[in-house]
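J.:
Protein chains: 2
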Amino acid sequence: MSYRQDIAGCLADNCKAGVTAAELDDALRRAAPALPKLATMQRNGSLPLLRLPARRDDIAQIKSLAAEFGKFKDVIVLGTGGSSLGGQTLVALAPPGRTRIHFMDNVDPHSFTLLFDALDPAKTGLIAISKSGGTAETLVQFFACMDWLSRRSAARTIVITEPKSNPLRDLAIARKLRTLDHDPNIGGRYSVLSIVGLLPAMIAGIDVAALRRGAGAVLDATLSAKDPRDAAPAVGAAVSVALNQRHGVVSTVVMPYVDRLAHFGLWFRQLWAESLGKDGKGTTPIRAVGTVDQHSQLQLYLDGPADKMFSLVMLAQAGKGPRMPAKLADPNLAYLAGKRMGDLIDAEQRATAQTLIRNGRPTRIFTLERLDAQSIGALLMHYMLETMIAAELWGVNAFDQPAVEQGKVLARQYLGEKGRVKAQ
Amino acid sequence: MSYRQDIAGCLADNCKAGVTAAELDDALRRAAPALPKLATMQRNGSLPLLRLPARRDDIAQIKSLAAEFGKFKDVIVLGTGGSSLGGQTLVALAPPGRTRIHFMDNVDPHSFTLLFDALDPAKTGLIAISKSGGTAETLVQFFACMDWLSRRSAARTIVITEPKSNPLRDLAIARKLRTLDHDPNIGGRYSVLSIVGLLPAMIAGIDVAALRRGAGAVLDATLSAKDPRDAAPAVGAAVSVALNQRHGVVSTVVMPYVDRLAHFGLWFRQLWAESLGKDGKGTTPIRAVGTVDQHSQLQLYLDGPADKMFSLVMLAQAGKGPRMPAKLADPNLAYLAGKRMGDLIDAEQRATAQTLIRNGRPTRIFTLERLDAQSIGALLMHYMLETMIAAELWGVNAFDQPAVEQGKVLARQYLGEKGRVKAQ
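Residue numbers (my numbering), protein chains in the order written: chain D, 751 to 1174; chain E, 751 to 1174.
Below, the structure is given as structure tokens:
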């Protein structure tokens, strides 16, 4: 497996506020039925996201489009939430020097002014993604970019949306743009291994076959586990939910010690919040980055309310990066002499994990030997499975987001009015 | 005033889980002594951050250095936490086309490889900031950049640190680098209006006089208020603490509807967490961005645990940005016809605020008529004062961060060992 999960720091034996063996047993027993249920849904095709890791039939088309768009200097990806965060997560791992991908996930006029001023429409491709095809933000972005690309738009735009007629698809057809199907049965926040994540990733130079391989290994190991204790996502879900239900944990902090995983933290944040935050249940996901947030959030984490679970994502970095001088005159700096930058981040991540645990803050550790397409695929699949299993434990539907409709209706209503916000 | 605070959506009259009039009265009564106390500390100079808005004597030096560094194509700013987040907040508001500022606040070897590959040392300036001069991350960054700049370093490096001897200052002196004093009595998270924030901001083209003017107006209005009810930061602190103490609010979400304020959210997050997260007290700050997080967090915010307070930062954007076609054939798109991008974000921010309040989620609204140096100065000062007043209400010291020392000691210990993390 290309990652390792260690939950020792979440157990009462090692951490004052951790779960007891009995609590963990109970949660695992309740989580157990989720595994055969997921296996059935994979087999009968009712949850197509579980078939994505094994798919190969869609690669040729994505590859050809990626080769075409890889010739552009810049590619703009329109879309928000699940249409954007998976792609952002993958592209953050891309090698430098390729086509630059700009994920525009907001409707801030200033950001579009800066974008249009900085790019050359003659050297830019456009990908617009909206599952429903009715997302107001994406439609407004789309119109703005169509104007900017002008007559060039038909040749260099791809629209990804559901196959059935919808506003975005109808606009694309009227303008003779290429359209690709978003699987109607894969929700945005579970779409990273579909064309939604794969097309931007492949343009940026990510090995999408390795990505799916990494995800597939975690999926297979989980669904074939005889005991939920052997399925890392089930163990993660059991610990997460038990800490909430028995120990007052209300927030869950994911803190990678790798800059390239900062976007992964945002992807996780949507997955966890939208899938589980319903009926008054769920925990609040928080994205942190190590070591940066040691200098921002660690005081709170260690000495504020004991209401958080921590998941540190560590990468083996020792021995990497710039080397410090072998001799340092200042005795206060002796600990740095001859060390490398990677030695410091390595020591910091281990020290922070230990400090959290010693202070009674339940802490799980993910360890990656390498950060590549395969290991990010594994991590993404781990969290999708953990989220679905946690939904079983909380008794909520992991696939809907019923509460957000009210605000959309109200926004349309306000758009019809003349009012605007006023400061005095 | 260049911003307006509206707490109506945090009151029980308008929001089910809001504070009652009696609870607010009580909290304001308890907050009241903080105002004359702060006024005294301003007068006798014991809290020098309160004198920064009125300072002009330091501008000439910063201006001259900014002019010099403004000639570089790129400037790297080393430092983490309070040495970085204030500058990041200000530079995010800078006009495009100036010197690019790269805030390096981590020790990820890969990020430094990318940085050094992308920049030309002959066209790059360096600013290293550490108040104590002993921050391991900043020292390691410093050594790496010294090597990279090589013989050029002396001419193009500025070190900002406390006046007393410390590792970074001693290194700077040995290498004949220019050093500037970090006021020893202004903590990093309160340093944005000092040279720490102002130097990067001025290089990037921010009007720092307007910044201080905006901050000064809020400070003066607050310290001269006869009644804490007339001091916006006192009202904000009273509501925030009362929601925590009386209504089970454990998290506080700051959600600007402006991309350029995304870094402000990170600055706030440190200020609030490090100042208040101690002795088991405080609330957990969460940075969100609208409308982006409507498609990621809003489901949780509306229908998950009712344990959050929201502060939406709205900018008057109606009438701005690209315009949609005047006629749209699809009746489902009629609501967008002829509208501008700014109309949509304007409607979204108001609709989300109303939806949160209707769902019983206490919501405060900040409104900015413009986003400029003056209004960001006002917002920064508002939050510094609100944080200090909240500390009085919770009975904690807003200026220390005692819990983080343990991890630092452990990291040094680990650095001395040969161990490293291993995945299996």
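Ideal Cβ positions, reconstructed from N, Cα and C, are used throughout, including at glycine.
1) Check for me: the beta strand (DSSP E) holding E/Thr1117 runs from which residue to which?
2) Tell me, please, whether the CB atom of E/Leu1094 is closer than 8 angstroms to any CB atom in chain D?
3) Ignore the nearest five residues each way along the sequence and tell me which others in D/Asp756's own chain have a CB closer than 6 angstroms to its CB.
4) Under the assumption that D/Lys1058 contacts D/Arg1111 (Cβ atoms under 8 angstroms), give the Cβ distance between them as a whole number of angstroms.
5) Could you give the first and the last residue of the continuous beta strand (DSSP E) run that contains D/Ile879?
6) Leaving out five residues before and five after E/Gly1201 in sequence, what residues of the same chain have Cβ atoms less than 6 angstroms from its Cβ?
7) Roughly how many angstroms lie between the CA atoms of E/Thr1117 and E/Tyr753, to the nearest whole one?
8) Can you say whether E/Ile923 is buried or exposed, counting buried as having 16 or more other CB atoms within 10 angstroms of its CB?
9) Judging by CA-CA distance, which residue of D/Leu1143, D/Gly884, D/Gly1145 and D/Ala1128 is the nearest neighbour of E/Asp1080?
10) Quick one: is E/Val827 near chain D, going by C-beta distance under 8 angstroms?
11) What's the call for E/Gln1049, buried or exposed, on a 16-neighbour Cβ count within 10 Å?
12) Contact defined as beta carbons within less than 8 angstroms: I believe D/Pro1006 pairs with D/Val1063. What is the distance between those atoms, to the nearest angstrom?
13) Hey, how far is the Cα of E/Thr839 from the Cα of E/Ile956?
14) Could you have a look at E/Phe822 and say whether DSSP puts it in helix, strand or coil?
15) Could you tell me which of E/Lys1070, E/Ile877, E/Asp824 and E/Gly947 sits nearest to D/Ala894, measuring between CA atoms?
16) Return the CA-CA distance between E/Val989 and E/Ala981, expressed in angstroms with no decimal places.
17) Taking beta-carbon pairs under 8 angstroms, can you tell me which members of the region 852-866 of chain D lie near chain E?
18) Report yes or no: do the region 956-970 of chain E and the region 1124-1131 of chain E share at least 3 C-beta pairs separated by less than 8 angstroms?
19) With DSSP as the reference, label E/His852 as helix, strand or coil.
20) Would you mind giving the Cβ-Cβ distance between E/Thr1041 and D/Asn916, rounded to the nearest angstrom? I have them listed as a contact below 8 angstroms.
21) Throw me the rounded Cβ distance for the E/Glu1233 and E/Gln1156 pair, which I believe falls under 8 angstroms.
22) With H, G and I counted as helix, E and B as strand and the rest as coil, what does DSSP make of D/Asn1060?
23) Starting from E/Asp870, find everything on chain D with Cβ-Cβ shorter than 8 angstroms and list it in chain order.
24) Report the start-end ranges of each beta strand (DSSP E) in the region 958-1024 of chain D that is 3 residues or longer and not cut off at the edges.
25) Excluding five sequence neighbours on each side, which residues of the same chain lie with their C-beta closer than 7 angstroms to the C-beta of E/Asn764?
26) Name the chain D residues whose beta carbon is nearer than 8 angstroms to that of E/Asp990?
27) Is the CB of E/Asp920 under 8 angstroms away from at least one CB in chain D?
28) Which class does E/Val827 belong to by DSSP, given the choice of helix, strand or coil?
29) Is the beta carbon of D/Leu1160 closer than 8 angstroms to that of E/Asp1093?
30) Could you pull the DSSP bridge partners for D/Thr911 from this structure?
31) Tell me the DSSP secondary structure of E/Arg1073 in three-state form.
32) Could you give the first and the last residue of the continuous alpha helix (DSSP H) run that contains D/Pro786?
33) Which residues does DSSP pair with E/Leu1065 in a beta bridge?
34) When you compare the CB of D/Phe893 with every CB in chain E, is at least one pair closer than 8 angstroms?
35) Pick helix, strand or coil for D/Val1039, following the three-state DSSP scheme.
36) Whether or not the region 801-820 of chain D and the region 1135-1152 of chain D are in contact is what I'm after, with contact meaning three or more pairs of Cβ atoms, one per stretch, closer than 8 angstroms; do they touch?
T.: Walking through what the data contain:
1) The residue labelled residue 1117 of chain E in the question sits at position 367 within the second sequence. Note, E/Thr1117: beta strand (DSSP E), Thr1113 to Leu1118.
2) Counting from one through the second sequence, the residue named residue 1094 of chain E turns up at place 344. Interface residue, yes.
3) Reading the first sequence from its first residue, position 6 is the one you call residue 756 of chain D. Taking C-beta separations shorter than 6 angstroms and ignoring five residues to either side along the sequence, the partners of D/Asp756 in its chain run Ile1115, following chain order.
4) If you number the first sequence from 1, residue 1058 of chain D lands on position 308. If you number the first sequence from 1, residue 1111 of chain D lands on position 361. With a Cβ gap of about 7 angstroms, D/Lys1058 and D/Arg1111 count as contacting.
5) As a first step, residue 879 of chain D must be located in the first sequence, where it is residue number 129. Per DSSP, D/Ile879 belongs to the beta strand (DSSP E) from Thr874 to Ile879.
6) Because chain E is modelled from 751 through 1174, residue 1201 of chain E falls outside the range shown and cannot be assessed.
7) Taking the first residue of the second sequence as 1, we reach residue 1117 of chain E at position 367. Taking the first residue of the second sequence as 1, we reach residue 753 of chain E at position 3. In a straight line, the C-alpha of E/Thr1117 is about 6 angstroms away from that of E/Tyr753.
8) Within the second sequence, residue 923 of chain E is the residue found at index 173, counting from 1. Burial call: exposed.
9) Mapped onto the second sequence, residue 1080 of chain E falls at position 330. When only C-alpha atoms are compared, the closest one is D/Gly884.
10) Sequence index remark: in the second sequence, residue 827 of chain E carries index 77 (1-based). Answer no: the Cβ-Cβ gap between E/Val827 and chain D never drops below 8 angstroms.
11) The sequence position of residue 1049 of chain E within the second sequence is 299, counting from 1. Buried, because 16 or more other Cβ atoms sit within 10 Å of the Cβ of E/Gln1049.
12) Residue mapping note: residue 1006 of chain D aligns to position 256 of the first sequence, counting from 1. Residue mapping note: residue 1063 of chain D aligns to position 313 of the first sequence, counting from 1. Correct: roughly 4 angstroms between the Cβ atoms.
13) On the second sequence, position 89 is the one that residue 839 of chain E refers to. On the second sequence, position 206 is the one that residue 956 of chain E refers to. Counting only the Cα atoms, E/Ile956 lies some 11 angstroms from E/Thr839.
14) Here residue 822 of chain E is taken as the residue at index 72 of the second sequence, counted from 1. In this structure, DSSP gives E/Phe822 a state outside helix and strand, which the three-state scheme calls coil.
15) Within the first sequence, residue 894 of chain D is the residue found at index 144, counting from 1. Check the Cα spacing between D/Ala894 and each of E/Lys1070, E/Ile877, E/Asp824 and E/Gly947: the tightest is with E/Lys1070.
16) Here residue 989 of chain E refers to the residue found at position 239 of the second sequence. Here residue 981 of chain E refers to the residue found at position 231 of the second sequence. Distance between the alpha carbons of E/Val989 and E/Ala981 is about 13 angstroms.
17) For the region 852-866 of chain D, which is checked against every Cβ of chain E, the residues closer than 8 angstroms are Asp855, Asn856, Val857, Asp858, Pro859, His860, Ser861, Phe862, Thr863 and Leu864.
18) Here the region 956-970 of chain E makes contact with the region 1124-1131 of chain E; the two share three or more CB pairs at distances below 8 angstroms.
19) For the purposes of this step, residue 852 of chain E is taken as the residue at position 102 of the second sequence. Correct three-state label for E/His852: strand.
20) Here residue 1041 of chain E corresponds to residue number 291 of the second sequence, with the count starting at 1. Here residue 916 of chain D corresponds to residue number 166 of the first sequence, with the count starting at 1. So it is not a contact: roughly 20 angstroms between Cβ atoms.
21) Nothing in the structure corresponds to residue 1233 of chain E, since chain E is present only between 751 and 1174.
22) Taking the first sequence and counting its residues from 1, one reaches residue 1060 of chain D at position 310. Per the sequence presented here, residue 1060 of chain D reads as Phe, with Asn not at that position. In this structure, D/Phe1060 counts as strand in the three-state DSSP scheme.
23) Here residue 870 of chain E refers to the residue found at position 120 when the second sequence is read from its first residue. Chain D residues near E/Asp870: none, gap ~15 angstroms exceeds 8 angstroms.
24) The region 958-1024 of chain D contains, as complete beta strand (DSSP E) runs of 3+ residues, the segments 1001-1006 (chain order).
25) Here residue 764 of chain E refers to the residue found at position 14 when the second sequence is read from its first residue. Cβ within range, chain order: Ala758 and Ile1107.
26) Counted from its first residue, the second sequence places residue 990 of chain E at position 240. In the sequence on display, residue 990 of chain E carries Ser and not Asp. Within chain D, no C-beta atom comes nearer than 8 angstroms to that of E/Ser990; the closest sits roughly 14 angstroms away.
27) Within the second sequence, numbered from 1, the residue matching residue 920 of chain E stands at position 170. Taking Cβ atoms only, chain D reaches closer than 8 angstroms to E/Asp920, which makes this a yes.
28) Residue mapping note: residue 827 of chain E aligns to position 77 of the second sequence, counting from 1. Three-state DSSP puts E/Val827 in a strand.
29) For this step, residue 1093 of chain E is matched to residue 343 along the second sequence. For this step, residue 1160 of chain D is matched to residue 410 along the first sequence. Taking 8 angstroms as the Cβ cut-off, E/Asp1093 and D/Leu1160 do not qualify as a contacting pair.
30) Position 161 of the first sequence, counted from the first residue, corresponds to residue 911 of chain D. D/Asp931, per the DSSP bridge assignment.
31) The residue given as residue 1073 of chain E occupies position 323 in the second sequence. It is a strand residue.
32) The residue you call residue 786 of chain D lines up with position 36 of the first sequence. For D/Pro786, the uninterrupted alpha helix (DSSP H) segment begins and ends at Ala784 to Arg793.
33) Mapped onto the second sequence, residue 1065 of chain E falls at position 315. Answer is E/Leu1118, bridged to E/Leu1065.
34) Reading the first sequence from its first residue, position 143 is the one you call residue 893 of chain D. Closer than 8 angstroms to some Cβ of chain E, the Cβ of D/Phe893 qualifies, so yes.
35) Against the first sequence, residue 1039 of chain D aligns to sequence position 289. The answer is coil: DSSP assigns D/Val1039 none of H, G, I, E or B.
36) No: the two stretches stay apart, fewer than three of their Cβ pairs being nearer than 8 angstroms.
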